[in-house]
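Let me begin by presenting the structure, written as structure tokens, before commenting on it.
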Amino acid sequence: MTDVTNAAPYWDPYNAEQRETPYDAWRRLRDEAPVYYNERFGFWALSRFSDVLAASLDTETFSSARGITLDSIGDPIPFPIMIMMDPPLHDSFRKVVSRAYTPRRIAALEDRIRELCAEYLDPFVGEGGFDFVRDFGMRLPVMVISTLLGFPEEDHDQLREWSDVSLHREEGKEGATPEAQAAMNLTITYYMSQIEQRRRQPRDDMISALTEADLVTPTGEVRKLDDLEVMGMLALISNAGNETVARMLGWAALVLDEYPDARREMAEDPSLISAGVEELLRYEAPSPIQGRYVTRDIELHGTVLPEGAKLALLTGSAGRDERKYPNPDTYDIHRSIDRHVTFGYGAHFCLGAALARMEGNVALAEVLRRFPTWEVDRSAVTYVATNTVRGPSSAPVSL
Ligand code: HEM
523 MTDVTNAAPY
533 WDPYNAEQRE
543 TPYDAWRRLR
553 DEAPVYYNER
563 FGFWALSRFS
573 DVLAASLDTE
583 TFSSARGITL
593 DSIGDPIPFP
603 IMIMMDPPLH
613 DSFRKVVSRA
623 YTPRRIAALE
633 DRIRELCAEY
643 LDPFVGEGGF
653 DFVRDFGMRL
663 PVMVISTLLG
673 FPEEDHDQLR
683 EWSDVSLHRE
693 EGKEGATPEA
703 QAAMNLTITY
713 YMSQIEQRRR
723 QPRDDMISAL
733 TEADLVTPTG
743 EVRKLDDLEV
753 MGMLALISNA
763 GNETVARMLG
773 WAALVLDEYP
783 DARREMAEDP
793 SLISAGVEEL
803 LRYEAPSPIQ
813 GRYVTRDIEL
823 HGTVLPEGAK
833 LALLTGSAGR
843 DERKYPNPDT
853 YDIHRSIDRH
863 VTFGYGAHFC
873 LGAALARMEG
883 NVALAEVLRR
893 FPTWEVDRSA
903 VTYVATNTVR
913 GPSSAPVSL
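Add 522 to a position in the sequence shown, counting from 1, and you land on the number used in my numbering.
Here it is in structure tokens:
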């Protein structure tokens with residue numbers, strides 16, 4: 523979709539071309555329509571860094587409680603999920619999960635991540651190439667999350683298979699395929715059986731910690747989470763932690779191949795990798811759109827965002843805002859970044875940010891150690907077709 527017209531700016535999250543290359547459209551929104559209204563789909567969008575940041579902090583006006591994906595705001599929410607709650611209820615749930623999701627549990631995953639990288643990457647040493655996403659990027663996170671939550675190791679392959687099937691979407695079709703729906707149902711049944719099992723026999727894992735923790739409700743009542751609430755947590759952590767990390771690693775394949783000097787520097791000096799990961803997160807946000815429901819009329823840049831509006835907070839565009847970052851369209855691992863909003867901000871700031879960063883750091887170090895260069899077959903790259911996460915679903919590389 524070309525953008526060099528006199529027409530008003532247009533941004534469409536359901537258009538495959540704009541999903542792949544949204545940069546011009548986002549820039550025009552930031553410059554010409556910072557409070558953008560898409561008439562066709564009836565949603566609004568904020569695209570400047572400062573507006574996205576401020577809206578993320580104002581949970582009273584910009585509510586998550588009616589859903590957080592543009593196409594589902596207002597639909598019934600099947601079970602309690604913290605990311606779709608507002609404070610103070612949200613904070614009660616966040617405290618429970620924060621107690622279960624300890625720095626000790628995260629740190630303990632580093633060796634497992636390294637081991638998994640070796641398992642997935644070693645077979646390609648000395649070979650001609652592999653698919654950076656299918657053979658590596660999307661395999662790693664689901665195994666890491668399964669370990670984090672405490673699912674028995676013998677079930678991890680099965681969980682990964684269900685996850686692969688449940689994430690599969692047919693291009694041009696909205697919603698899950700029957701196979702994907704069936705895989706999701708099997709996963710939910712599995713989660714339920716694990717919860718039941720931990721209630722009978724607690725272990726030192728996150729599922730047990732969630733079943734045992736006390737929830738202090740906003741009215742001061744103290745109680746345990748029920749099965750559906752624990753399920754909601756497990757499903758949230760799995761969903762939030764799988765697709766996003768898979769996309770981040772997919773972007774690493776594409777962006778580092780486009781910036782070979784940065785790749786060489788990181789391969790030669792691995793201490794630069796963490797800056798490279800942070801810059802990658804700013805440059806290509808794996809989860810670029812956070813949905814909100816506007817609870818009251820609010821005026822911004824001379825436009826009234828009306829009560830009841832469905833709103834997109836474009837964290838992806840915020841990362842490219844020239845008002846915040848000089849030369850935003852350049853990937854520069856020496857840039858100093860005080861903050862970005864790729865992990866959201868405020869109450870819903872990504873619970874898994876530290877884990878995601880660790881996965882990015884370890885994965886890149888392990889890749890670069892084995893394969894200091896690669897070339898992406900650009901004509902074969904495909905992208906995921908969702909309006910929540912953004913990034914490659916397949917990135918074949920030759921070595
Ligand atoms: C590069 C990888 C990741 C990205 C880009 C990412 C991005 C985000 C964003 C933007 C939000 C805020 C959503 C909103 O404001 O509506 C969020 C929330 C969340 N993320 Fe992540 N995430 C990543 C990895 C992970 C991982 C690995 C986990 C699992 C441990 C995780 C778990 C969560 C959870 C549980 C929330 C909800 C927090 C709340 O509602 O309080 N994320 N993430």
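Even glycine gets a Cβ: it sits at the ideal position worked out from N, Cα and C.
Assuming residue i is part of the alpha helix (DSSP H), what are its boundary residues?
i      : result
Gly651 : Unbroken run through Gly651 is the beta strand (DSSP E), 651–653; no alpha helix (DSSP H).
Ile811 : Looking at the DSSP string, Ile811 is not in any alpha helix (DSSP H); the run it does join, the beta strand (DSSP E), is 811–816.
Leu803 : 795–805
Leu877 : 875–892
Ser620 : 611–622
Ile628 : 625–629
Glu844 : Neither: Glu844 is in no alpha helix (DSSP H) and is coded neither H nor E.
Ala516 : Residue 516 lies beyond the stretch modelled for the chain, which goes from 523 to 921, so this question has no answer here.
Ala538 : 538–542
Which residues bound the beta strand (DSSP E) around residue i?
i      : result
Glu582 : It is not in any beta strand (DSSP E) - Glu582 carries neither H nor E in the DSSP assignment.
Ser858 : Premise fails: Ser858 is in no beta strand (DSSP E) and is neither H nor E.
Thr825 : 825–827
Pro915 : The amino acid occupying residue 915 in the given sequence is Ser; Pro does not appear at that position. First-last of the beta strand (DSSP E) with Ser915: 914–916.
Ala834 : 832–836
Closer than 6 Å by C-beta to residue i: which residues in its own chain qualify, once you throw out the five before and the five after it? Chain order, please.
i      : result
Pro918 : Asp653, Asp899, Ala902
Tyr942 : The displayed coordinates of the chain run from 523 to 921. Any statement about residue 942 would go beyond what the structure contains.
Ala784 : Ile855
Phe893 : Leu921
Tyr867 : Leu575, Ser578
Asp749 : Ile717
Which residues in the same chain as residue i place their Cβ atom closer than 8 Å to its Cβ, once the five residues preceding and following it in sequence are excluded?
i      : result
Leu758 : Ile603, Met604, Ile605
Ile859 : Glu800, Glu801, Arg804, Tyr847
Who are the near neighbours of residue i in its chain, counting only those whose CB is closer than 7 Å to its CB and skipping five residues on each side?
i      : result
Arg616 : Met604
Ala622 : Met728, Ala731, Leu732, Ala735
Pro740 : Pro610, Leu611, Ser614
Ala547 : Asp525, Pro531, Tyr532, Trp533, Gln540
Val777 : Leu802, Tyr805, Glu806, Tyr853
Exercise. Pick out the complete beta strand (DSSP E) segments inside the stretch 656–700, 3 residues or longer, and give them in chain order.
Key: none
Practice problem: Note down, one range per segment and in chain order, each beta strand (DSSP E) of at least 3 residues found wholly within the stretch 708–773. | Solution: 736–738, 744–746
Practice problem: Please specify which runs of the alpha helix (DSSP H), each continuous and at least 4 residues long, are wholly inside the stretch 555–579, giving them in chain order. | Solution: 571–579
Quiz prompt | Cβ contact (3+ pairs, closer than 8 Å) linking the stretch 873–886 and the stretch 786–805 | solution = Counting Cβ pairs under 8 Å, three or more are found: they touch.
Exercise. Spell out a yes or no on whether the stretch 584–603 and the stretch 713–723 are touching, meaning 3 or more CB-CB pairs, one atom from each, closer than 8 Å.
Key: no
Quiz item: Any contact of the stretch 634–653 with the stretch 759–768, i.e. 3+ C-beta pairs under 8 Å?
Solution: By the Cβ criterion, the stretch 634–653 is not in contact with the stretch 759–768, since fewer than three pairs of Cβ atoms, one from each stretch, lie closer than 8 Å.
Exercise. Tell me, please, whether the stretch 575–583 touches the stretch 868–875 by the rule of three or more beta-carbon pairs shorter than 8 Å.
Key: yes
Practice problem: Specify whether the stretch 763–776 and the stretch 804–812 touch according to this definition: at least 3 beta carbon pairs, one from each stretch, less than 8 Å apart. | Solution: yes
Quiz item: Is the stretch 590–599 close to the stretch 907–914, with three or more CB pairs under 8 Å?
Solution: yes
Practice problem: Determine, using beta-carbon pairs with one atom in the stretch 620–639 and one in the stretch 657–675, whether at least three such pairs fall under 8 Å. | Solution: yes
Quiz item: Is there contact between the stretch 700–712 and the stretch 678–689, where contact requires at least three CB pairs shorter than 8 Å?
Solution: yes
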